[in-house]
Amino acid sequence: MKPENPPRRIGLGKKVAFSIVIATALLSVAELLVAWFWTPPPPSDPYVGFSGSIPLLVPQEQVAESGEISVERFGINPAKLIWFNPQSFPAAKSPNTYRIVCLGGSTTFGRPFDDSTSFCGWLRTFLPMVDPSRNWEVINAGGISYASYRVARVMEEFSDHDVDLFILYTGQNEFLERRTYGDLIETSDVPRRLAALASKTHLGQAIGVLVDKMRTAESNSEIQLMSGEVDEILNHSIGPAKYHRDPDWYRGVENHFRINLQRMLQISEACGAKLAIVTPASNLRDCSPFKSDYDDGIDAATRTELDALLNSARRSFAEGLFDRTREDLETILQTDDANAEVHFLLGRTLFAGQQFDLAAEQFQRAIDLDICPLRATTPIKQRLRQFIAENPVIEVDFESHLSELAKQKLGNDCFGAELFLDHVHPTVDVHREIALVILKSLADNRIVAAEPTTNQIQEATVAVEKKIDYRAQAVAFRNLAKVTHWAGKFEEAKRNAEFALQLLPEDLESRFILADCLDKEGRRDEAIGQYNKLFQYGDFARACQPFGELLAAEGHYDAAKAYLMQAIFVSQGWRQVSAYESLGRLHEFLGEQDLADECFENAERIRGADESAP
1034 MKPENPPRRI
1044 GLGKKVAFSI
1054 VIATALLSVA
1064 ELLVAWFWTP
1074 PPPSDPYVGF
1084 SGSIPLLVPQ
1094 EQVAESGEIS
1104 VERFGINPAK
1114 LIWFNPQSFP
1124 AAKSPNTYRI
1134 VCLGGSTTFG
1144 RPFDDSTSFC
1154 GWLRTFLPMV
1164 DPSRNWEVIN
1174 AGGISYASYR
1184 VARVMEEFSD
1194 HDVDLFILYT
1204 GQNEFLERRT
1214 YGDLIETSDV
1224 PRRLAALASK
1234 THLGQAIGVL
1244 VDKMRTAESN
1254 SEIQLMSGEV
1264 DEILNHSIGP
1274 AKYHRDPDWY
1284 RGVENHFRIN
1294 LQRMLQISEA
1304 CGAKLAIVTP
1314 ASNLRDCSPF
1324 KSDYDDGIDA
1334 ATRTELDALL
1344 NSARRSFAEG
1354 LFDRTREDLE
1364 TILQTDDANA
1374 EVHFLLGRTL
1384 FAGQQFDLAA
1394 EQFQRAIDLD
1404 ICPLRATTPI
1414 KQRLRQFIAE
1424 NPVIEVDFES
1434 HLSELAKQKL
1444 GNDCFGAELF
1454 LDHVHPTVDV
1464 HREIALVILK
1474 SLADNRIVAA
1484 EPTTNQIQEA
1494 TVAVEKKIDY
1504 RAQAVAFRNL
1514 AKVTHWAGKF
1524 EEAKRNAEFA
1534 LQLLPEDLES
1544 RFILADCLDK
1554 EGRRDEAIGQ
1564 YNKLFQYGDF
1574 ARACQPFGEL
1584 LAAEGHYDAA
1594 KAYLMQAIFV
1604 SQGWRQVSAY
1614 ESLGRLHEFL
1624 GEQDLADECF
1634 ENAERIRGAD
1644 ESAP
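FYI, in the numbering used here the residues of the sequence shown are 1034 to 1647.
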C-alpha cells in the first residue's frame, strides 16, 4: 500500500497575495455599497462649533397677484449686512449660467470700500468681456474679519445652491479670535497624507464620520462653542494690549487652518464645485507691527538697556542717520531676536540703503514676530502653499504675481502704501490685479476662454471707476485713519487722513486726526496749521483741548486759554474734568493761582458728582 502524498503547502508569498486580493475585494464591495446607499454630510470642524443659528442666506419671497408666494431669489440676511455686502442670486440657476462664489475675509469684501471695487466686482466686469458665451454670476461672500473656520461655514451654506466655482482668499484673520486647542498638534506628513487619501473614498469618509461621532459623544466639552459672529480679541482691549506671545497657541491656529482648508475642499467636491485658492499678500514696508516686545526671559536691567538702544535707533532713523540706526539695531539683535519692531526698523533701514532683498526678509520677520499678528505669517502661508501643491485645487499665486509686478514698476517687492491702504487691504488697482491673476488661472484651466486684452482692461477700468462713490471712499479712509490712530500707528493714520481730505477737504474728523498725528510726530507748526484749518471749516469739540494744550506748549497762552475754555463748555463728565485741569495747570504756570484753584475745584466737584451718581 502506497503512502498518501502529503498535502501541498501554500507558500507564504501566495498566502499574502491571496489575502490582499480578498481584502481588496471586500473593501471594493464595501466602497460600492457605501457609495450607493450613503451620502456624506459636510465635514465638521473638530475644534469649534458656533452658537446661534442665524443663517447667512435667506429666501427673498415674491407674492403673485393670485396671492401665491414663491421664492425667486436668495440673498444675504439683512441681520448679517454689518459683515457682508448686500448680494442676491436666482434660486434656480438659469441654463448656461456659471455661478462663482468668492469667499474670505475683509479683502474679499472689498474693505475699506465695498463690493464694487473688490476683486469680485472686477471679475463681474471682466468675465462678460473675455467670455460672452456664458452668463456669469459672481457673488461676493467675503465676511469682515472672517477666519477660515467661519469661511468654511459660509461655504456650507452656499453648497446647496448649485455653485460651479468657489474662489478663496484667506489667511489674514486666523489669529483674530481666541480659541482653545488642547492637544491639537502637528502630525507628520505620512499619517496626514494617508488620512487625506482615505477622505477621498466613501468608505474613508464614513469611518471618519463614525470616529467624529464617537469623539463627540465621549468629550463634547472639548469642542469650543464660538459666538455666532466674529468676536475679536481687539474688541476686549484698548488696542492690541490683550494679545500676548503664545507659541503653543500659534501652532494650534496654524494646524487648525490646515484642517479648515481640507474641510473646504471636501465641501466643494461634495457639491460638485471647483475650488480656486488665492495666495494672499500684505503690506510689508508701510505698516509697523501691532505689538512688539522682547523675549519673556529678558530681565529688567537688560530691557532698559535695549529700550535705550531702540530709542536711539528711532531718533537716528528719523534724522536719516541709517548707519547709526543699523548699528544700534544689530546691537539689540545680539542680545534679543524677538522684538518685531526691531526687525521692522531694520527692514526700513536696509530699504533706505536699497538692500531690498535683505529688507524684505526683515519685514516678513517683523510680521512673524508680531504679538498681535493681523497679517498672514510665514507658517500660515507655508501651510496654504503646501495644501495647494498636494490637492486638486486651482492655484492663484497672487503674492508671486504682485512681487513680479512690483519689481517691474518699483524696482523691489517690499510692498508698501503704493499697493496697500493699510496692513492687508489692497488699493482699487491692486484688486484689479487680483482679478487679472484669477482670470489667468481660470483661462489656464479652461474655465474662461481667454485672458483680458489691453483694451478690455482699459474698458473695465473705466466701467469700475464710474461706479466709485468718492464721498463714501473719503469716509472709508477716515475710518481707516481712526482705527490706525487708535492703535497708535500715527504714520499710517496720518496717511489715511490725508487720503480722506483729498476727497473731502471739509471733513473735520480727518483734519483732527491729521493734526494730532503731526503733533505726535513733533511737527508742531504743521499741527497748528491743520488745527487752524479745522476751526476755519467748523467747530469740532474733541479738538478744542488738544489744540489748546498744543498752543500752550508753544507759548501762545491767550489763544490756549480760549480753546481750553471752549473745551470746558462743549464737554461733560471726565472730558470736562480733564479740560478744567488742563486750564488750571496753564493758569498755575502763568502765576494765576486764584484762577488755577477755581479750575481745580470745579474739576473735583464734577468728579465727585459723577462718582456719587447712581
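Glycine included, C-beta positions come from ideal geometry on N, C-alpha and C. Small disclaimer: the values here were computed from a predicted structure and weren't measured.
Inter-residue spacing [alpha-carbon to alpha-carbon] between residue i and residue j
| i | j | result |
| --- | --- | --- |
| F1624 | F1633 | Inspection of the sequence shows that residue 1624 is occupied by Gly rather than by Phe. Whole-angstrom Cα-Cα distance: 15 Å. |
| A1476 | E1484 | 6 Å |
| D1403 | Y1327 | 11 Å |
| E1451 | D1319 | 9 Å |
| D1502 | L1567 | 24 Å |
| F1573 | E1542 | 8 Å |
| A1514 | V1495 | 28 Å |
| A1371 | F1377 | 11 Å |
| N1168 | H1289 | 37 Å |
| Y1613 | A1636 | 6 Å |
| D1147 | Q1626 | 55 Å |
| T1312 | D1340 | 36 Å |
| A1507 | E1531 | 10 Å |
| N1129 | S1474 | 21 Å |
| S1181 | L1198 | 17 Å |
| P1111 | P1119 | 8 Å |
| R1144 | I1115 | 12 Å |
| P1088 | V1171 | 20 Å |
| G1138 | N1445 | 27 Å |
| S1052 | L1065 | 20 Å |
Where residue i falls: helix, strand or coil (DSSP)
| i | result |
| --- | --- |
| E1587 | coil |
| V1481 | coil |
| P1145 | coil |
| V1286 | helix |
| P1280 | helix |
| R1183 | helix |
| Q1491 | helix |
| W1155 | helix |
| Q1205 | coil |
| N1529 | helix |
| L1090 | strand |
| K1307 | strand |
| L1198 | strand |
| V1497 | helix |
| R1296 | helix |
| V1463 | helix |
| S1178 | coil |
Beta strand (DSSP E) segment containing residue i, residue limits
| i | result |
| --- | --- |
| S1121 | 1121–1123 |
| T1411 | Unbroken run through T1411 is the alpha helix (DSSP H), 1411–1423; no beta strand (DSSP E). |
| Y1131 | 1130–1137 |
| E1428 | 1427–1429 |
| V1171 | 1168–1175 |
| A1346 | Run containing A1346: none in the beta strand (DSSP E); it sits in the alpha helix (DSSP H), 1333–1351. |
Span of the alpha helix (DSSP H), counted from its first residue to its last, around residue i
| i | result |
| --- | --- |
| T1358 | 1355–1368 |
| V1516 | 1503–1519 |
| L1402 | 1389–1402 |
| K1553 | 1541–1553 |
| A1612 | 1607–1622 |
| E1374 | 1373–1385 |
| G1562 | 1557–1570 |
Close beta carbons around residue i, own chain, < 6 Å, minus the five adjacent residues each side
| i | result |
| --- | --- |
| V1426 | L1308, I1310 |
| R1248 | Confidence at R1248 is low in this model, with a pLDDT of 44, below 50, so the placement of that residue should be treated as unreliable; the coordinate-derived value is given next. So no residue of the chain qualifies. |
| E1492 | none |
| N1478 | I1427 |
| A1642 | none |
| F1152 | H1464, I1467, A1468 |
Spatially closest choice to residue i from the options, by CA coordinates
| i | options | result |
| --- | --- | --- |
| I1133 | N1288, F1122, Q1299, I1053 | F1122 |
| D1369 | F1389, A1612, D1332 | D1332 |
| W1607 | G1555, I1639, L1583 | I1639 |
| N1173 | S1321, M1188, A1274 | M1188 |
| D1540 | Y1564, A1334, W1282 | Y1564 |
| N1293 | F1420, C1577, C1304 | F1420 |
Own chain residues within Cβ distance below 8 Å of residue i, not counting five before or after
| i | result |
| --- | --- |
| V1497 | S1149, T1150, G1154, W1155, T1158, V1461, R1465 |
| E1265 | Below a pLDDT of 50, predicted positions are generally treated as unreliable, and E1265, at 46, falls in that range; no measurement from the model is reported. |
Cβ-based neighbour list, residue i, same chain, cut-off 7 Å, excluding 5 preceding and 5 following
| i | result |
| --- | --- |
| L1391 | L1383 |
| R1336 | Y1327 |
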